[in-house]
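Undergrad: Structure in C-alpha coordinates, see below.
Numbering (our numbering), first residue to last: 134 to 299.
Below, the structure is given as C-alpha coordinates:
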(Lines of atoms letter the chains of each structure in order from A and count residues from 1; the text may use other names and numbers.)
(Lines give C-alpha, C1' and ligand atoms only; values in the text may rest on other atoms or scores of the structure.)
Protein backbone atom coordinates (compact mmCIF):
# COMPACT_ATOMS: atom_id res chain seq x y z
CA UNK A 1 0.00 0.00 0.00
CA UNK A 2 2.83 2.45 0.80
CA UNK A 3 5.44 1.01 -1.51
CA UNK A 4 7.41 3.16 -3.88
CA UNK A 5 6.17 2.84 -7.46
CA UNK A 6 6.80 4.44 -10.81
CA UNK A 7 5.61 4.14 -14.35
CA UNK A 8 8.79 5.65 -15.75
CA UNK A 9 11.23 3.68 -13.64
CA UNK A 10 12.04 6.63 -11.36
CA UNK A 11 11.49 7.07 -7.65
CA UNK A 12 7.90 7.97 -6.71
CA UNK A 13 5.40 7.54 -3.87
CA UNK A 14 2.01 5.89 -3.98
CA UNK A 15 -1.02 8.15 -3.54
CA UNK A 16 -1.90 6.29 -0.34
CA UNK A 17 1.56 7.00 1.08
CA UNK A 18 1.26 10.66 0.11
CA UNK A 19 -2.11 11.00 1.84
CA UNK A 20 -1.04 9.15 4.99
CA UNK A 21 2.46 10.50 5.49
CA UNK A 22 2.55 13.80 3.62
CA UNK A 23 -0.90 15.04 4.63
CA UNK A 24 -2.29 13.26 7.69
CA UNK A 25 0.90 13.23 9.80
CA UNK A 26 1.72 16.96 9.38
CA UNK A 27 -1.94 17.88 9.95
CA UNK A 28 -2.11 15.85 13.14
CA UNK A 29 1.10 17.36 14.45
CA UNK A 30 -0.09 20.86 13.58
CA UNK A 31 -3.38 20.29 15.40
CA UNK A 32 -1.62 19.29 18.61
CA UNK A 33 0.99 22.08 18.54
CA UNK A 34 -1.35 24.83 17.30
CA UNK A 35 -4.05 24.10 19.89
CA UNK A 36 -1.48 24.34 22.66
CA UNK A 37 -0.12 27.59 21.24
CA UNK A 38 -3.63 29.01 20.80
CA UNK A 39 -4.44 28.24 24.44
CA UNK A 40 -1.23 29.97 25.56
CA UNK A 41 -1.79 33.02 23.34
CA UNK A 42 -5.37 33.42 24.57
CA UNK A 43 -3.99 34.23 28.04
CA UNK A 44 -1.57 36.87 26.73
CA UNK A 45 -2.41 40.58 26.58
CA UNK A 46 -2.93 42.37 23.25
CA UNK A 47 0.40 43.73 22.00
CA UNK A 48 -0.43 45.01 18.52
CA UNK A 49 -2.82 47.83 17.61
CA UNK A 50 -5.70 47.03 15.30
CA UNK A 51 -4.94 47.37 11.58
CA UNK A 52 -6.16 46.20 8.18
CA UNK A 53 -3.37 43.65 7.67
CA UNK A 54 -5.11 40.93 9.72
CA UNK A 55 -8.19 41.34 7.52
CA UNK A 56 -6.13 40.46 4.45
CA UNK A 57 -4.69 37.40 6.19
CA UNK A 58 -8.11 36.34 7.44
CA UNK A 59 -9.52 36.77 3.93
CA UNK A 60 -6.76 34.64 2.41
CA UNK A 61 -7.10 31.99 5.09
CA UNK A 62 -10.88 32.06 4.64
CA UNK A 63 -10.44 31.43 0.92
CA UNK A 64 -7.95 28.65 1.67
CA UNK A 65 -10.35 27.03 4.16
CA UNK A 66 -13.26 27.31 1.69
CA UNK A 67 -11.16 25.56 -0.94
CA UNK A 68 -10.25 22.86 1.57
CA UNK A 69 -13.98 22.38 2.19
CA UNK A 70 -14.52 22.06 -1.56
CA UNK A 71 -11.77 19.43 -1.78
CA UNK A 72 -13.28 17.60 1.20
CA UNK A 73 -16.76 17.56 -0.32
CA UNK A 74 -15.40 16.41 -3.67
CA UNK A 75 -13.43 13.59 -2.04
CA UNK A 76 -16.40 12.54 0.10
CA UNK A 77 -18.80 12.50 -2.83
CA UNK A 78 -16.43 10.65 -5.16
CA UNK A 79 -15.08 7.84 -2.99
CA UNK A 80 -15.69 5.34 -5.77
CA UNK A 81 -12.87 6.89 -7.85
CA UNK A 82 -10.00 5.86 -5.54
CA UNK A 83 -9.09 2.59 -3.90
CA UNK A 84 -7.64 4.59 -0.99
CA UNK A 85 -10.65 6.91 -0.57
CA UNK A 86 -10.72 6.61 3.24
CA UNK A 87 -7.19 8.01 3.45
CA UNK A 88 -7.91 10.74 0.94
CA UNK A 89 -11.11 11.78 2.72
CA UNK A 90 -9.43 11.64 6.15
CA UNK A 91 -6.60 13.83 4.86
CA UNK A 92 -9.14 16.27 3.41
CA UNK A 93 -11.01 16.46 6.75
CA UNK A 94 -7.79 17.22 8.61
CA UNK A 95 -6.76 19.83 6.01
CA UNK A 96 -10.13 21.54 6.44
CA UNK A 97 -9.80 21.54 10.24
CA UNK A 98 -6.25 22.86 9.86
CA UNK A 99 -7.61 25.69 7.73
CA UNK A 100 -9.91 26.81 10.53
CA UNK A 101 -7.15 26.44 13.08
CA UNK A 102 -4.80 28.49 10.87
CA UNK A 103 -7.46 31.17 10.67
CA UNK A 104 -7.89 31.44 14.44
CA UNK A 105 -4.21 31.05 15.28
CA UNK A 106 -3.15 33.67 12.75
CA UNK A 107 -5.70 36.16 14.05
CA UNK A 108 -4.82 35.62 17.71
CA UNK A 109 -1.08 35.51 17.01
CA UNK A 110 -1.21 38.81 15.12
CA UNK A 111 -2.94 40.56 18.01
CA UNK A 112 -0.90 39.08 20.84
CA UNK A 113 2.62 38.83 19.46
CA UNK A 114 4.92 41.21 17.61
CA UNK A 115 6.74 38.43 15.73
CA UNK A 116 5.44 36.23 12.90
CA UNK A 117 4.22 32.82 13.95
CA UNK A 118 6.97 30.22 13.69
CA UNK A 119 4.44 27.40 14.01
CA UNK A 120 2.31 28.69 11.13
CA UNK A 121 5.30 29.40 8.90
CA UNK A 122 6.91 25.99 9.47
CA UNK A 123 3.61 24.21 8.92
CA UNK A 124 2.83 26.16 5.74
CA UNK A 125 6.33 25.74 4.30
CA UNK A 126 6.52 21.99 4.98
CA UNK A 127 3.02 21.26 3.76
CA UNK A 128 3.55 23.46 0.72
CA UNK A 129 6.44 21.22 -0.31
CA UNK A 130 4.44 18.08 0.46
CA UNK A 131 1.41 19.41 -1.40
CA UNK A 132 3.58 20.08 -4.45
CA UNK A 133 4.48 16.38 -4.52
CA UNK A 134 0.82 15.40 -4.18
CA UNK A 135 -0.31 17.85 -6.88
CA UNK A 136 2.35 16.47 -9.20
CA UNK A 137 1.06 12.94 -8.62
CA UNK A 138 -2.55 14.03 -9.18
CA UNK A 139 -1.67 15.59 -12.53
CA UNK A 140 0.55 12.69 -13.64
CA UNK A 141 -2.05 10.02 -12.90
CA UNK A 142 -4.65 11.71 -15.16
CA UNK A 143 -7.49 10.19 -13.13
CA UNK A 144 -9.47 13.29 -12.30
CA UNK A 145 -8.74 16.80 -13.54
CA UNK A 146 -11.22 18.37 -11.11
CA UNK A 147 -9.42 17.23 -7.95
CA UNK A 148 -6.09 18.04 -9.61
CA UNK A 149 -7.25 21.58 -10.34
CA UNK A 150 -8.76 22.11 -6.89
CA UNK A 151 -5.65 20.80 -5.18
CA UNK A 152 -3.38 22.98 -7.31
CA UNK A 153 -5.50 26.02 -6.50
CA UNK A 154 -5.21 25.32 -2.77
CA UNK A 155 -1.46 25.00 -3.28
CA UNK A 156 -1.32 28.44 -4.93
CA UNK A 157 -3.39 30.05 -2.18
CA UNK A 158 -1.24 28.37 0.47
CA UNK A 159 1.82 29.98 -1.12
CA UNK A 160 0.14 33.40 -0.95
CA UNK A 161 -0.86 32.76 2.68
CA UNK A 162 2.73 31.82 3.50
CA UNK A 163 4.03 35.09 2.05
CA UNK A 164 1.41 37.10 3.96
CA UNK A 165 2.30 35.35 7.23
CA UNK A 166 6.06 35.86 6.93
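Ideal Cβ positions, reconstructed from N, Cα and C, are used throughout, including at glycine.
Would you mind reading off the limits of the alpha helix (DSSP H) that contains residue 179?
TA: Residue 179 sits at position 46 when you count from the first residue of the chain shown. It is not in any alpha helix (DSSP H) - residue 179 carries neither H nor E in the DSSP assignment.
Undergrad: Taking only the alpha-carbon atoms, compute the straight-line gap between residue 183 and residue 274 and give it to the nearest angstrom.
TA: Here residue 183 refers to the residue found at position 50 when the chain shown is read from its first residue. Here residue 274 refers to the residue found at position 141 when the chain shown is read from its first residue. Cα to Cα, residue 183 sits roughly 47 Å from residue 274.
Undergrad: Return the CA-CA distance between residue 197 and residue 291, expressed in angstroms with no decimal places.
TA: Taking the chain shown and counting its residues from 1, the one referred to as residue 197 is at position 64. Taking the chain shown and counting its residues from 1, the one referred to as residue 291 is at position 158. Cα to Cα, the separation comes out at about 7 Å.
Undergrad: Taking the C-alpha atoms as reference points, what is the distance between residue 180 and residue 193?
TA: For this step, residue 180 is matched to residue 47 along the chain shown. For this step, residue 193 is matched to residue 60 along the chain shown. Cα to Cα, the separation comes out at about 23 Å.
Undergrad: Taking the C-alpha atoms as reference points, what is the distance between residue 287 and residue 259?
TA: Walking along the chain shown from the start, residue 287 turns up at place 154. Walking along the chain shown from the start, residue 259 turns up at place 126. Rounded to whole angstroms, residue 287 to residue 259 spans 14 Å at the Cα level.
Undergrad: How should residue 178 be labelled, buried or exposed, when 16 other C-beta atoms within 10 angstroms of its C-beta is the threshold for buried?
TA: Indexing the chain shown from 1 puts residue 178 at position 45. Exposed is the call here.
Undergrad: Straight-line CA distance for residue 227 to residue 160?
TA: Taking the first residue of the chain shown as position 1, residue 227 is located at position 94. Taking the first residue of the chain shown as position 1, residue 160 is located at position 27. Using only the alpha carbons, I get a separation of about 6 Å.
Undergrad: Identify the continuous alpha helix (DSSP H) that holds residue 291 and give its terminal residues.
TA: Looking up residue 291 in the chain shown gives position 158. Looking at the DSSP string, the run of the alpha helix (DSSP H) that includes residue 291 is 278-298.
Undergrad: Applying the criterion that 16 or more other CB atoms from any shown protein chain within 10 Å of the CB defines a buried residue, is residue 268 buried or exposed?
TA: Your numbering for residue 268 matches position 135 in the chain shown. By the neighbour-count rule (16 or more Cβ atoms within 10 Å), residue 268 is buried.
Undergrad: State the Cα-Cα distance for the pair residue 169 and residue 145, rounded to the nearest angstrom.
TA: For the purposes of this step, residue 169 is identified with residue 36 of the chain shown, where counting begins at 1. For the purposes of this step, residue 145 is identified with residue 12 of the chain shown, where counting begins at 1. Spanning the two alpha carbons is a distance of roughly 35 Å.
Undergrad: Under the three-state reduction of DSSP, which class applies to residue 233: helix, strand or coil?
TA: Taking the chain shown and counting its residues from 1, one reaches residue 233 at position 100. If DSSP states are grouped into helix, strand and coil, residue 233 belongs with the helices.
Undergrad: Determine the contact status of residue 270 and residue 187, defining contact as a CB-CB distance below 7 Å.
TA: Sequence index remark: in the chain shown, residue 270 carries index 137 (1-based). Sequence index remark: in the chain shown, residue 187 carries index 54 (1-based). It is not a contact, given that the beta carbons lie outside the stated cut-off.
Undergrad: Nearest CA to the CA of residue 103: which residue from 266, 284, 235, 283?
TA: Any question about residue 103 goes unanswered here, given that the chain covers just 134 to 299.
Undergrad: Under a Cβ-count criterion, where at least 16 other Cβ atoms within 10 Å of its own Cβ denotes burial, should residue 167 be classed as buried or exposed?
TA: The residue labelled residue 167 in the question sits at position 34 within the chain shown. Residue 167 is buried by the Cβ-count criterion.
Undergrad: Can you tell me which of the three DSSP states residue 163 falls into?
TA: In the chain shown, residue 163 corresponds to position 30, counting from 1. Helix, per DSSP.
Undergrad: Can you tell me which of 251, 293, 280 puts its alpha carbon nearest to the alpha carbon of residue 210?
TA: Start at 1 with the first residue of the chain shown, and residue 210 comes out as number 77. When only C-alpha atoms are compared, the closest one is 280.
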